[in-house]
Amino acid sequence: MATSISSHTGIAIFCFAALFATLAPFVSGVVAPGNPSPATFHGWPSHFQGRPLRPLQLTPRERQFARQFPGHIGRFSDGQREIIIRWVNRPTRRLHPAADCFRGIGYAVTPLAIGHSPQGTPMGCMTATQGAERLKVCEYLEDSNGNSWSDISSWYWDASLGSDNDGWYSYVIAERLMN
2 MATSISSHTG
12 IAIFCFAALF
22 ATLAPFVSGV
32 VAPGNPSPAT
42 FHGWPSHFQG
52 RPLRPLQLTP
62 RERQFARQFP
72 GHIGRFSDGQ
82 REIIIRWVNR
92 PTRRLHPAAD
102 CFRGIGYAVT
112 PLAIGHSPQG
122 TPMGCMTATQ
132 GAERLKVCEY
142 LEDSNGNSWS
152 DISSWYWDAS
162 LGSDNDGWYS
172 YVIAERLMN
């Protein structure tokens, strides 16, 4: 009988832990350890990977999403590529991977090997195809301490577990591929 009670107790503890892990990201007002106050947005960079940035208007879909986004969203061009920059001051599930966004607007997405920025930062990359349009899309996040992440999920859990920061910038770089 002791084995049966112990087994049930173990299952109950496991279920409680799974429930807690599932609900923890949705608890509001929790501040990560080491981050006692929200970071302040310091504006958009004027250059990206050595090229000057020119601001572009957000699309209607991006403006609609930005209304409920817990941070800032900017859209830019460096003359050859389109760069979406998102800034957040806390871990949030509203910061979606680029693949989810592209799928949501009708693109077929194919993962690529990890790419690297000119500075050597690892980037998650994919191709996004819709009709005749083919894009190479890469993304990464970075903080003011020089840390970077090649995917939203690893950033989210690291940030949720208390990385000290002054906010995070997410970069999504899209460039047209020749057929």
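Residue 175 in the working numbering sits at position 174 of the sequence shown, with consecutive numbering throughout.
In this text, a Cβ means the ideal position worked out from N, Cα and C, and glycines have one as well.
Values in this document were obtained by computation on a predicted structure and should not be read as measured data.
Please confirm whether residue 153 and residue 142 have their CB atoms less than 9 Å apart.
A contact, by the Cβ cut-off of 9 Å.
Pair within 9 Å by beta-carbon distance, residue 138 and residue 109:
Taking 9 Å as the Cβ cut-off, residue 138 and residue 109 do not qualify as a contacting pair.
So, using beta-carbon positions, are residue 94 and residue 72 closer together than 9 Å?
The Cβ atoms of residue 94 and residue 72 do not sit closer than 9 Å to each other.
Can you give the beta carbon distance from residue 188 to residue 117, rounded, assuming they're within the 8 Å contact cut?
Beyond the ends of the chain as shown, which are 2 and 180, falls residue 188; an answer cannot be given.
Can you give me the start and stop residues for the beta strand (DSSP E) that residue 112 sits inside?
Where residue 112 is concerned, the enclosing beta strand (DSSP E) stretches over 109-112.
Residue nearest to residue 81 in terms of C-alpha spacing, selected from 67, 68, 104, 49
Closest by alpha carbon: 49.
Can you tell me the Cα-Cα spacing of residue 134 and residue 106, whole angstroms?
Each residue's alpha carbon lies about 13 Å from the other.
Backbone secondary structure at residue 120 - three-state DSSP:
Three-state DSSP puts residue 120 in coil, outside helix and strand.
Tell me which residues share the same chain as residue 76 and place their Cβ nearer than 6 Å to its Cβ, disregarding the 5 neighbours each side in the sequence.
So the qualifying residues of the chain are 57, 59, 85.
Quick check on DSSP: helix, strand or coil for residue 65?
The answer is helix: DSSP assigns residue 65 an H, G or I state.
Residue 139 - partner residues in DSSP beta bridges:
Under the DSSP definition of a beta bridge, residue 139 partners with 126, 174.
Start-to-end residues for the beta strand (DSSP E) that takes in residue 161
It is not in any beta strand (DSSP E) - residue 161 instead sits in the alpha helix (DSSP H) that spans 153-161.
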